[in-house]
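All remarks here apply to the structure that follows.
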Ligand SMILES: Cc1cc2nc3c(=O)[nH]c(=O)nc-3n(C[C@H](O)[C@H](O)[C@H](O)COP(=O)(O)O)c2cc1C
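Numbering (this note's numbering), first residue to last: 18 to 185.
As structure tokens, then:
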């Protein structure tokens, strides 16, 4: 019975082709931040950010189950999305590589919900965790936006697995 079902299943898309195809979708880059039970800030670079709903205002990020930081997001009530500006490529790198303290040398403030807001970003959203669920090898974190702010400026862009800027 199960072998018949398996035979009818279409061949899975090649993983490299899948990644390269998804990389044709240009995104911004965010640093998602959270504070742990001892008050220490944590953050990671994420481009899976997407707005989900207007009413209520919901956003999502998708976090690899292997990421050490995931536990902090699953045990917190609040987190922040920091949308990087075009001159903040160094922050994208800093928050995506292993480090004892990713916030070293980074200026940030505590937001209304006590979440880390990075200085100089284009925009930030402070969110309450509304839902989390596993999808494949990632955990999807849905946040309800409680506070939002932005400034005029140009974004850091990610396309084809490379950093880009919007054309002038
Ligand atoms: C541009 C860019 C976008 C990324 N987007 C995501 C993402 O959406 N989800 C994710 O799980 N990891 C993403 N990563 C990788 C994580 O930033 C990285 O694996 C994570 O910081 C590792 O965290 P850890 O050291 O706490 O395990 C991205 C990395 C880069 C450079």
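For every residue, glycine included, the Cβ atom is placed at its ideal position computed from N, Cα and C. Note that the structure is a prediction, hence the values are computed from the model and not measured.
Can you find a heavy atom of ligand 1 that lies under 7 Å from the Cβ of residue i?
| i | result |
| --- | --- |
| residue 62 | yes |
| residue 175 | yes |
| residue 115 | yes |
| residue 40 | no |
| residue 78 | yes |
| residue 72 | no |
| residue 98 | no |
| residue 140 | no |
| residue 112 | yes |
| residue 84 | yes |
| residue 68 | no |
| residue 154 | no |
From residue i to residue j, what does the alpha carbon distance come to, in whole angstroms?
| i | j | result |
| --- | --- | --- |
| residue 58 | residue 128 | 12 Å |
| residue 122 | residue 27 | 49 Å |
| residue 97 | residue 76 | 11 Å |
| residue 183 | residue 133 | 27 Å |
| residue 140 | residue 32 | 33 Å |
| residue 18 | residue 85 | Caution applies to residue 18, whose pLDDT of 45 falls short of 50 and renders its modelled position unreliable; the model cannot decide the point. |
For a test of the three-state rule: what should DSSP assign to residue i, helix, strand or coil?
| i | result |
| --- | --- |
| residue 20 | Reliability of the predicted coordinates at residue 20 is poor, the pLDDT of 49 falling under 50, and the value obtained from them is presented with this limitation in mind. In this structure, residue 20 counts as helix in the three-state DSSP scheme. |
| residue 75 | strand |
| residue 110 | helix |
| residue 42 | coil |
| residue 158 | strand |
| residue 163 | strand |
| residue 93 | coil |
Compare the Cα-Cα distances from residue i to each of the options and report the closest residue.
| i | options | result |
| --- | --- | --- |
| residue 131 | 100, 51, 35 | 51 |
| residue 135 | 167, 161, 99, 158 | 99 |
| residue 185 | 176, 172, 178 | 172 |
| residue 155 | 88, 73, 55 | 88 |
| residue 78 | 163, 64, 85 | 64 |
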